[in-house]
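>
Residue numbers (my numbering): -13 to 611.
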């Protein structure tokens, strides 16, 4: 590696540290069972034996459905994890029948259901469940969900049959829809390719559709329990539920054959235009602590554009928080992003903050304004912040932020007189947390940027950009058992998969060309770029090496050390499997960063033209070192 990294403590008590491959890859001690490939006539798909779901249902190269699954979600919208047992498979050359038992448990939830998935040689596919509650609990959702892919569906027409027999035509939205595209679904039909249609028929509940891109999921979801009904719903012990969905193909489906599926992935580099890399920074570590000299030297290698600090004006420590963040930003040669939550009670405290910024000569680049109720913060609060703070940092910009989801910004769009940049967080696992979901959602943040163009002339601030969402106390706070990791922590943070997902997501984000800046992760700790020298607080659940950098550190080093911060869009024939980002300098020299997001070796072809190349790898053979 050409970037300098201080040597890591690879010896402990006289022994070389040996981390299991599964931890290096995914942050978990044991690998999951492999997906089961299936065929139903012309349809190909996978069954996930770990979760009891059908995935990637394709006709040739065309993804018909992203997945079919059953979900139990509590009153906080937390999804109860599934445990599968008693899987019985009858798999033929172009048909199958699967039965399986699933237990969903989370807090008070103890729910059992028996699943049946049947694929016929005609292309007919069905998924059903019969479930019964073993406990009393509150739920916001209990039933089948079907995901449609955005790439294949956005802008395409569909037809809905309602439960009263009426039919209605609609269009999958291109930009992210703030409200549900359709309601009261009994059957749903859309065209896959000219002449071939897919029809979904639902039984057991009333269904409707939402645009999941509001939550960084790259899909349209048909789900049961309409949002207009009162929630949460009490579920009693012994309460039974049965639902089913059936997919039927209409038209000459067997003539649609794959071209790229089943072949090695190829990366194509668009050399006609180059887009600038947006400024990339990081958040201060939590809980607050001073960076060690070694951590400072490592972070300086990354050349962060900014350091973000969240300042709670009601906290007695808020002055010290700002003081320490300003000192760290100066050490790193970075600007400072200051996130403030304003209300009637806290606006008066801005003047002492401005005085402290002047005293510290802090290089504030951006003030991010939040409000405890208004999401995003309204123009009133932005203007009050500008009045109090503009003089202490004359060059700083202002952003109006939401701490939750793009959904809030999309439903409360800024007016034409808005003076602030729009600011939203982004993370890939609002609904589900498995690796397949993260692979599907690598384009989630990019979708937010593209949709902001519909209602704002200003570029989007992505802050923070994380693997798991920030923890916000309140009615939607996730259920966390004492033996679990904190809700903001994901063991994949220290894994190769975490680095690959970050590369793929940043590549999609950069290609939009409409990003003001991105704040990625924290500096140090289990939400950060490297482990603290004291080690993981929960090594049995987050098994990192004390003082070691995580694989994603090297991604940011690879970006920082390249002389010109411009990129070419890089397209994969198998997105979500292999993804890439191409950097280019003024002389035409290119650096191509490639991520394999699977557990299988991928022989990828990079269509870069002729020339000489130097290749280096970051994988399980050297990640520990």
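Think of the CB as a built atom: it goes at the ideal place given N, C-alpha and C, for glycine as much as any other residue.
Applying the 10 Å Cβ sphere with the 16-neighbour rule, what's the burial state of residue 601?
Here residue 601 corresponds to residue number 615 of the chain shown, with the count starting at 1. Residue 601 should be labelled exposed.
> Would you give the residue range spanned by the alpha helix (DSSP H) that residue 603 belongs to?
Taking the chain shown and counting its residues from 1, the one referred to as residue 603 is at position 617. Looking at the DSSP string, residue 603 is not in any alpha helix (DSSP H), and its letter there is neither H nor E.
> What are the boundary residues of the beta strand (DSSP E) that residue 96 is part of?
Counting from one through the chain shown, the residue named residue 96 turns up at place 110. The continuous beta strand (DSSP E) containing residue 96 extends over residues 95 to 105.
> At the level of alpha carbons, what is the spacing between residue 22 and residue 6?
Locating residue 22 in the chain shown gives position 36, counting from the first residue. Locating residue 6 in the chain shown gives position 20, counting from the first residue. Each residue's alpha carbon lies about 24 Å from the other.
> Does the separation of the CB atoms of residue 195 and residue 178 fall below 8 Å?
Indexing the chain shown from 1 puts residue 195 at position 209. Indexing the chain shown from 1 puts residue 178 at position 192. With respect to residue 178, residue 195 sits apart: the two C-beta atoms are not nearer than 8 Å.
> Identify whether residue 531 lies in helix, strand or coil by the three-state DSSP scheme.
Numbered from 1 along the chain shown, position 545 holds the residue referred to as residue 531. Coil at residue 531, not helix or strand.
> Which residues bound the beta strand (DSSP E) around residue 143?
Here the question's residue 143 lines up with position 157 in the chain shown. It spans 143 to 147 - the beta strand (DSSP E) in which residue 143 sits, taken as one unbroken run.
> Any idea what DSSP makes of residue 38, helix, strand or coil?
Position 52 of the chain shown, counted from the first residue, corresponds to residue 38. Coil.
> Whole-angstrom Cβ separation of residue 47 and residue 247, contact assumed at under 8 Å?
Stepping through the chain shown from its first residue, residue 47 is reached at position 61. Stepping through the chain shown from its first residue, residue 247 is reached at position 261. So it is a contact: roughly 5 Å between Cβ atoms.
> Quick one: what's residue 353 bridged to in DSSP?
What you label residue 353 is simply residue 367 of the chain shown in a count that begins at 1. For residue 353, which the question treats as bridged, DSSP gives the partners 324, 384.
> By the three-class DSSP mapping on this structure, what secondary structure does residue 591 have?
The residue you call residue 591 lines up with position 605 of the chain shown. DSSP, read as helix, strand or coil, puts residue 591 in strand.
> So is the beta-carbon of residue 79 under 7 Å away from any non-hydrogen atom of the ligand SAM?
The ligand content of the structure shown is nil, which means the ligand SAM is not present either.
> Across which residues does DSSP place residue 582 in a beta bridge pair?
In the chain shown, the residue the question calls residue 582 occupies position 596. According to DSSP, which records beta bridges pairwise, residue 582 is partnered with 564.
> Only counting the same chain, and skipping five residues up and downstream in sequence, which positions put a Cβ closer than 7 Å to that of residue 337?
Here the question's residue 337 lines up with position 351 in the chain shown. Within the same chain, residue 337 has close Cβ partners 374.
> Could you name each continuous alpha helix (DSSP H) segment of 4 residues or more that falls completely within the region 292 to 336, going from the start of the chain to the end?
304 to 318
> Do you know offhand how far residue 308's Cα is from residue 427's?
As a first step, residue 308 is located in the chain shown; it is residue number 322 there, counting from the start. As a first step, residue 427 is located in the chain shown; it is residue number 441 there, counting from the start. Each residue's Cα considered, the two are about 34 Å apart.
> Output the distance between the C-alpha atoms of residue 645 and residue 407, rounded to the nearest integer angstrom.
No statement about residue 645 is possible, as the shown extent of the chain runs from -13 to 611 and does not include it.
> Would residue 430 and residue 199 qualify as a contact pair, given that the criterion is a beta-carbon distance under 8 Å?
Within the chain shown, residue 430 is the residue found at index 444, counting from 1. Within the chain shown, residue 199 is the residue found at index 213, counting from 1. In contact: residue 430 and residue 199 (Cβ atoms closer than 8 Å).
> Does residue 129 pass the burial test, meaning 16 or more other C-beta atoms within 10 Å, or should it be called exposed?
The residue given as residue 129 occupies position 143 in the chain shown. Classification of residue 129: buried, given that the 10 Å Cβ count is 16 or more.
> Report back the beta-carbon spacing between residue 263 and residue 552 to the nearest angstrom; my notes put them in contact at under 8 Å.
Locating residue 263 in the chain shown gives position 277, where the first residue counts as 1. Locating residue 552 in the chain shown gives position 566, where the first residue counts as 1. Going by Cβ atoms, the distance from residue 263 to residue 552 rounds to 7 Å, so yes, they are a contact pair.
> Do residue 94 and residue 69 have their C-beta atoms closer together than 8 Å?
Counted from its first residue, the chain shown places residue 94 at position 108. Counted from its first residue, the chain shown places residue 69 at position 83. No; because the gap between Cβ atoms is not below 8 Å, this pair is not in contact.
> Using the three-state DSSP reduction, which class does residue 262 fall into: helix, strand or coil?
Within the chain shown, numbered from 1, the residue matching residue 262 stands at position 276. Strand, per DSSP.
> Quick one: what does DSSP say residue 135 is sitting in, helix, strand or coil?
As a position in the chain shown, residue 135 is number 149, starting the count at 1. Residue state, collapsed to three classes: strand.
> Between residue 251 and the rest of its own chain, which residues show a CB-CB distance below 7 Å, the 5 nearest in sequence each way excluded?
Taking the chain shown and counting its residues from 1, the one referred to as residue 251 is at position 265. So the qualifying residues of the chain are 558, 559, 560, 563, 564, 588, 590.
> Give me the DSSP bridge partner(s) of residue 172.
Along the chain shown, one-based indexing puts residue 172 at 186. According to DSSP, which records beta bridges pairwise, residue 172 is partnered with nothing at all.
> Specify, as a first and last residue, the run of the alpha helix (DSSP H) that residue 483 falls within.
Locating residue 483 in the chain shown gives position 497, where the first residue counts as 1. Residue 483 -> alpha helix (DSSP H) spans 482 to 498.
> Using 8 Å as the threshold, is the C-beta distance between residue 127 and residue 59 below it?
Start at 1 with the first residue of the chain shown, and residue 127 comes out as number 141. Start at 1 with the first residue of the chain shown, and residue 59 comes out as number 73. The answer is yes: Cβ separation under 8 Å.
> Short of 6 Å in beta carbon distance, which residues of its chain neighbour residue 433, apart from the five on each side in sequence? Order them along the chain.
Indexing the chain shown from 1 puts residue 433 at position 447. Answer for residue 433: 199, listed in chain order.
> Buried or exposed for residue 28, please, with buried defined as at least 16 other CB atoms from any protein chain shown within 10 angstroms of its CB.
On the chain shown, position 42 is the one that residue 28 refers to. It counts as buried.
> So what does DSSP say about residue 681, is it helix, strand or coil?
Residue coverage of the chain in this structure runs from -13 to 611, which leaves residue 681 outside it and unanswerable.
> CA-CA distance, residue 436 and residue 269?
The sequence position of residue 436 within the chain shown is 450, counting from 1. The sequence position of residue 269 within the chain shown is 283, counting from 1. Rounded to whole angstroms, residue 436 to residue 269 spans 25 Å at the Cα level.
> Whose C-alpha, out of 37, 32, 36, is nearest the C-alpha of residue 43?
Translated into the one-based positions of the chain shown, residue 43 becomes position 57. Looking only at 37, 32, 36, the smallest Cα-Cα distance to residue 43 is reached by 32.
> With DSSP as the reference, label residue 247 as helix, strand or coil.
By 1-based counting over the chain shown, the position of residue 247 is 261. Coil.
> Just how far apart, CA to CA, sit residue 592 and residue 581?
The residue given as residue 592 occupies position 606 in the chain shown. The residue given as residue 581 occupies position 595 in the chain shown. Going from the Cα of residue 592 to the Cα of residue 581 covers about 12 Å.
> Taking buried to mean at least 16 other C-beta atoms within 10 Å of its own C-beta, is residue 516 buried or exposed?
As a position in the chain shown, residue 516 is number 530, starting the count at 1. Classification for residue 516: buried.
> Compare the Cα-Cα distances from residue 265 to each of 322, 15, 234, 272 and report the closest residue.
Here the question's residue 265 lines up with position 279 in the chain shown. Comparing Cα-Cα distances from residue 265 to each of 322, 15, 234, 272, the minimum goes to 322.
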